[in-house]
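To start, the structure itself, in structure tokens.
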Amino acid sequence: MKPKVFTFLSFLFLLFIGCSSDSDNDMNEPPAPTGMYFPSLQGDAWETVTTAQLNWNTENEQELTNYLEATNTKGFIILKNGRIVMEKYFNGHNQDAEWTWYSAAKSLTATFVGIAQDEGLLDINNKTSDYLGEEWSKLSIEKQDLITVRHHLTMTTGLTPHLGDYVPWVCNLPICLDYTADAGTSWAYHQGAFMLLQDMITESTGVPFQEYCKTRVTDKIGMEGQWTSDLGLNIYNSNTRSMARFGLLMLNEGVWDGSTIVSKSYFEEMTNTSQDINKSYGYLWWLNGKETVVGTTSTTVLEGPLVPNAPNDMFAALGANDQKIYVVPSQDLVIVRCGDSAGEMQLGPSSFDNELWGKINAVIN
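Numbering (mature numbering (1 follows the signal peptide of the UniProt record, and there is no 0)), first residue to last: -22 to -1, 1 to 343.
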């Protein structure tokens, strides 16, 4: 009997030690760091924090990962207070691989337009003609002079948007820019009208807009990327971490590690409702939590917020094929997704936004 008793007691002792070790490991999990973190401008070093440290639902993390992979995602990052919580790559993508932002780069453009205004090189309340001359459109001088830089930022130029007809939709030549309504009286997602903003930056600053973007924004926050031209578009390409850096700049209201990149006054205008027609649109940024929204493929005003499952204060840079930079100030979150389309191709917002946020909520709430 004694050997059996000894063996049983030894088993209980080892079991107790094992349970104590597990308990100690849980108790020894360091608390999540507090305060905002900014990664260095050079190198790959980036502080991390775990879902366990944040008391998130770790058990749902794999379901989110599986969903991302199944929906053609290439790169995905969640930042909390600037620290990486999740960083996943799929389908042959990796940390260094670049991907196109598509229309998410509109939000980047809006940012350096604001910087040009901060520097006194441009005023968004000035007429477009002040920067592009009197022959930039087919409109009469009377109607053309109603259009300001701000109207290009808010998609309210009144120019015919040619929705659903790609070539005239992207065209920014005078022959393509004709009249539908007075500036400020209608909202339509118009690529050609947007691209004129980049021309205005080149004219007002005296340097190509690509260079201005690099020296005023991307170099200052450690982004790695470049502009290319394709299919009549100026397209920005970067790795996923650079997308996250831009989101982190926006989370901090245009300030990077104590250095102001874009003024707070412009930042606040840019990330709040810019007009009364599409309440879910700022200056080339999409806004959640508003009572109505107008999408990219029609001018119909729809009831309800942009992304019902997302926090009301979220604002986002959104691009075709489901490129996403979500910024959530109330939760100190930046969430980035790049890749191929998760479903039916859309130019900006899509049903994927709401589905993805359902999966994210299962982890973070």
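Yeah, the Cβ is synthetic: ideal placement off N, Cα and C, and Gly gets one too.
If you look at residue 64, you'll find it in the beta strand (DSSP E) that goes 61 to 67.
Each of 318, 317 and 284 was checked against the Cα of residue 335, and the nearest Cα belongs to 284. A Cβ-Cβ contact shorter than 8 Å links residue 130 with residue 171.
Per the DSSP secondary-structure output, residue 57 pairs in a beta bridge with 62 and 312. Taking the CA atoms as reference points, residue 114 sits about 31 Å from residue 239. The Cβ neighbour count for residue 9, taken over all protein chains shown within 10 Å, is under 16; the residue is labelled exposed. Residue 60 counts as buried, since no fewer than 16 other beta carbons sit within 10 angstroms of its beta carbon.
Sixteen is the threshold: since fewer than 16 other Cβ atoms of the shown chains lie within 10 Å of the Cβ of residue 44, the residue is exposed. The shortest C-alpha to C-alpha distance from residue 212 to any of 153, 243 and 149 is the one to 149.
By the 16-neighbour rule on beta-carbons within 10 angstroms, residue 146 is buried. Straight-line measurement puts the Cα of residue 20 at about 43 Å from the Cα of residue 143. Shown here for residue 153: same chain residues with a beta carbon closer than 8 Å to its own, the five before and five after excluded, namely 116 in chain order. Rounded to the nearest whole angstrom, the CA to CA distance from residue 286 to residue 141 is 25 Å. Distance between residue 160 and residue 57, taken at the CA atoms: about 42 Å. Beta-bridge partners of residue 281 (DSSP): 270. Look at residue 306 here: in three-state DSSP terms it is strand. Rounded to the nearest angstrom, the gap between the Cα atoms of residue 299 and residue 133 is 21 Å. Its Cα nearest to that of residue 173, the residue 187 stands out among 7, 163, 187 and 121.
Its Cα nearest to that of residue 315, the residue 301 stands out among 305, 78, 191 and 301.
Residue burial annotation: residue 72 is exposed, with fewer than 16 other C-beta atoms found within 10 angstroms of its C-beta. Separation of residue 269 and residue 257 (C-alpha to C-alpha, rounded to the nearest whole angstrom) is 7 Å. It is roughly 10 Å from the alpha-carbon of residue 233 to the alpha-carbon of residue 198.
Under the three-state reduction of DSSP, residue 101 is assigned to coil, being neither helix nor strand. Residue pairing from DSSP places residue 212 in a beta bridge opposite 207. When DSSP assignments are scanned along the segment 147 to 210, the uninterrupted stretches of beta strand (DSSP E) that are 3 or more residues long and fall wholly within it turn out to be 203 to 208.
A Cβ-Cβ distance of about 4 Å is found for the pair residue 295 and residue 82, placing them in contact under the 8 Å criterion. Residue 240 carries a coil assignment under DSSP once its states are collapsed to helix, strand and coil. In this structure, the beta-carbon distance from residue 90 to residue 179 falls below 8 Å. At a Cβ-Cβ threshold of 8 Å, residue 54 and residue 226 do not count as neighbours. Comparing alpha-carbon positions, the option among 25, 38 and 69 lying closest to residue 339 turns out to be 38. From the listed residues 80, 157 and 111, the smallest Cα separation to residue 209 is found for 80. Annotation for residue 122: 107 and 115 place their beta carbon closer than 7 Å to its own, counting only its chain and skipping 5 residues before and after. For the 8 Å CB-CB criterion, residue 124 and residue 158 do not form a contact. Ranking 250, 200 and 206 by CA distance to the CA of residue 219 puts 200 first. Judged by beta-carbon spacing, residue 68 lies within the 8 Å limit of residue 51, meaning their Cβ atoms are closer than that value. The DSSP-derived three-state label of residue 46 is helix.
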